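Top to bottom, those sequences are chains W and A.
Sequence positions in the first sequence follow my numbering and run 1 to 305.
Sequence positions in the second sequence follow my numbering and run 306 to 610.
Number of protein chains: 2
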Amino acid sequence: MIDFKALETFIWVANLKSFRRAADRLNTTQPAVSMRIAQLEQVLGIRLLERDKRLVAATPKGQELLIHAERLIRMRADMMESVGDRAAIRGIVRLGVSESIVHTWLPALIERVNAAYPNLELEIEVDISPNLHERLLARDLNLAFLVGPTNNPNVYSRPLCSFGVEFVASSRIRFPRKAIDLNDIVKWPIITFSRNTQPYINLRDLFARSGLRPTMHASASLATAVRMALDGIGIAVIPPVILKNVAPGGKLRRLATQVDLPPLNFVASWPTTPDNPVARRVADIAIDVAQKAMRSTTRAPMRKQ
Amino acid sequence: MIDFKALETFIWVANLKSFRRAADRLNTTQPAVSMRIAQLEQVLGIRLLERDKRLVAATPKGQELLIHAERLIRMRADMMESVGDRAAIRGIVRLGVSESIVHTWLPALIERVNAAYPNLELEIEVDISPNLHERLLARDLNLAFLVGPTNNPNVYSRPLCSFGVEFVASSRIRFPRKAIDLNDIVKWPIITFSRNTQPYINLRDLFARSGLRPTMHASASLATAVRMALDGIGIAVIPPVILKNVAPGGKLRRLATQVDLPPLNFVASWPTTPDNPVARRVADIAIDVAQKAMRSTTRAPMRKQ
DNA sequence: AGAGGTTACGGGCAGCGTAAGGATC
DNA sequence: GATCCTTACGCTGCCCGTAACCTCT
């Protein structure tokens, strides 16, 4: 009779289009995967996968099975979630997060998750969004909080929060007049996120449109960027919400510019495969935590200089 | 991780309210059942079954799991049905049938089932409806075609066909006048179904209401009842639709009485537990076959004498 | 004391991993 | 010839069955 193991194996093979990669993912050997698929095909009396080509592809019947199989796996997860004791949920969720989130509501999330699932381990990886996205697609992460949207069919995404981005600088850096524009700013180095991130690209385009080319300092670490700004090395372009935690005491001030920088829209993303069912639950908690955090910062907005 | 075997075991224990009986049903030993339940409880971190009392009972969480488990089992069956090759469906359906059905559309059903599921074996048991009902409840049968309705929560029932019941007799038996009433009939022995069947009870009540007490001959075999009628032993009370097959050539004639005998309403019944999923499919075919058979006999009704 | 569930322990077999074989580009 | 799936084979570990034990009526 068909069991869940066979269905899971089939789902992985169909999604990864490879017996070998599925075997790696399932921590078993490739012949074992062959056997499970062969048995599944035998029980059903039909061919599920086309192996002639370079890439394995599901037959029409295989695609139909895939829908059923994924639903069954999902329903099993729902069942365990609804009748099982949450303390009995053990395991590891590999969670990738953008640094902005580390400095805002990540601690609150960790607390909430630990309360809801006392025996669930969160393995947190801090990295920039493009890297997180890549590792998500490689199924190296079960869940990630990154700058979206990620229009990829292999991951689900749900909005989390939106952080405005602004110019901030140490009070050591002085400007000739109150109203600061790009021409004033460009005299100083701009410190921001890594080269291949969305804010970096946005910024460079912004200056380019005015015919300006500032010196750009890119830091993979947001905290380091803030440190550099504090030391008066340049003007940082970051979400000010992090300052409360990263540079408390108002040592950095937000510049009163008319420049509109696009905000960072964060999403929770997880693979479409029913990989780690708990990831979905952590995402739900994160959405709640993030929106609560948004509301509290919106209610008492920081004043510009 | 939870697998189908554990869920099936749990379903049987919960329904039969006994580890031992579930073990018998699943063709395994009682300790094996204990182990599977214990493991299921451990994975979920909750108690599913209350064993203190004489009868095992599901806890509230257990009842919740039961709903999920039965749905999962049903969905697996649906999946196999919709994507699997029907020729790959092997197994045995133990089918109990009333004799009336044997003599009407059972051969057509067998043909249809064999065509749809070439490797499915039908194990047919002919018996009277009360016995079939009992064996259904004991899960000794996967499916039965019997006189309904069976208002029991442990079996599903679907209507199949309705057979009128009439007085039939050999031409050797002669009556004083054309219009025959109960007083004419009661002079002869009445030959019909077994004592505890619905037609037998109906008949006795019918005569009793007129203050009559005929000699009753009860036969567990409908064919034997017909044989007795052919031999002029008495007047048979049977569904005339069977005569075409059992006594061809019009040797028995239907008596022109004004007496209204209630018809036999046949239903297909199968246990509510997701026991043998194919039973449901056979029932579907039976409903179709029975209704086609009904239509063809209705279109060309037999003439009364 | 007997029926029924749990625990202990030894054995059998399904399924795994290693290694060799074939097919396709 | 490199890559990837299949087949062959020996082995391990899980699960089962037997039997003793415990608990409740």
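Cβ atoms here follow ideal geometry from the backbone N, Cα and C, with glycine treated the same way.
Everything numeric in this text was worked out from a predicted model, so none of it was measured.
query	result
Runs of alpha helix (DSSP H) wholly within the region 91-171 of chain W (minimum 4 residues, chain order)	99-102, 106-116, 129-137
Runs of alpha helix (DSSP H) wholly within the region 319-405 of chain A (minimum 4 residues, chain order)	324-330, 335-349, 365-388
Test item: CB-CB of F498 (chain A) and Y505 (chain A) under 8 Å	yes
Where W317 (chain A) sits in the DSSP three-state scheme	helix
3-residue-minimum beta strand (DSSP E) runs that sit fully inside the region 224-262 of chain W, ordered along the chain	235-238, 252-254
Chain-ordered chain W contacts of I307 (chain A) [CB-CB under 7 Å]	R76, M80
Option in A:F450, A:S524, A:V388 with minimal Cα separation from H68 (chain W)	A:V388
Integer Cβ distance of F10 (chain W) from L48 (chain W), believed to fall under 8 Å	7 Å
The ligand MN heavy atom lying under 7 Å from the CB of R330 (chain A)	In terms of ligand content, the structure shown is empty, and the ligand MN therefore cannot be addressed.
N488 (chain A) - containing alpha helix (DSSP H), residue span	487-490
Inter-stretch contact at 8 Å, needing at least 3 Cβ pairs: the region 461-478 of chain A / the region 551-571 of chain A	yes
Environment of G234 (chain W) [buried if 16+ CB atoms lie within 10 Å]	buried
Closest by C-alpha distance to R399 (chain A), when choosing among A:V572, A:A530, A:P519, A:E426	A:E426
Between the CA atoms of N456 (chain A) and P423 (chain A) - distance to the nearest angstrom	33 Å
Against chain W: residues of the region 355-375 of chain A by CB proximity under 7 Å	K366, E369, L370, H373
Within chain W, the residues that A393 (chain A) reaches when beta carbons sit closer than 9 Å	Q42, V43, L44, G45, I46
Any chain A beta carbon closer than 8 Å to G232 (chain W)	no
Range covered by the beta strand (DSSP E) that runs through I2 (chain W)	Neither: I2 (chain W) is in no beta strand (DSSP E) and is coded neither H nor E.
Beta-carbon spacing of P544 (chain A), G453 (chain A) below 8 Å	no
Where G396 (chain A) meets chain W, residues with beta-carbon distance less than 8 Å	Result: empty, since nearest Cβ-Cβ is about 10 Å, beyond 8 Å.
Contacting positions in the region 98-122 of chain W - beta carbon closer than 7 Å to chain A	none
Cβ neighbour criterion (16 or more within 10 Å) applied to A286 (chain W)	buried
Stretch pair the region 374-387 of chain A + the region 67-81 of chain W: three plus CB contacts closer than 8 Å	yes
Stretch-stretch touch, CB-based, cutoff 8 Å, three pairs: the region 178-190 of chain W with the region 209-217 of chain W	yes
Beta-carbon proximity list for V572 (chain A), same chain, < 8 Å, skipping 5 on both sides	F450, L451, V452, G453, P454, T455, S462, R463, P464, L465
Residue burial classification, K597 (chain A) (beta-carbon count within 10 angstroms, cutoff 16)	exposed
Neighbouring residues, chain W, relative to G554 (chain A) (Cβ below 9 Å)	Ordered by position in chain W, no residue passes the 9 Å Cβ test against G554 (chain A), which lies about 46 Å from the chain.
When W:E123, W:N202, W:D260 are compared against L143 (chain W), the one with the closest alpha-carbon	W:E123
CB contact below 8 Å: T9 (chain W) versus chain A	no
Limits of the unbroken alpha helix (DSSP H) element including N507 (chain A)	503-514
Classification of E404 (chain A) by the beta-carbon crowding that lies within 10 angstroms, buried from 16 upward	buried
Closer than 9 Å at the beta carbon, the chain W residues around L377 (chain A)	L72, M75, R76, M79
Close-in-space but distant-in-sequence residues of the same chain around R112 (chain W) (CB under 7 Å, 5 per side omitted)	I285, V289
Three-state class that DSSP yields for A484 (chain A) in the structure shown	coil
DSSP-derived helix/strand/coil call for A286 (chain W)	helix
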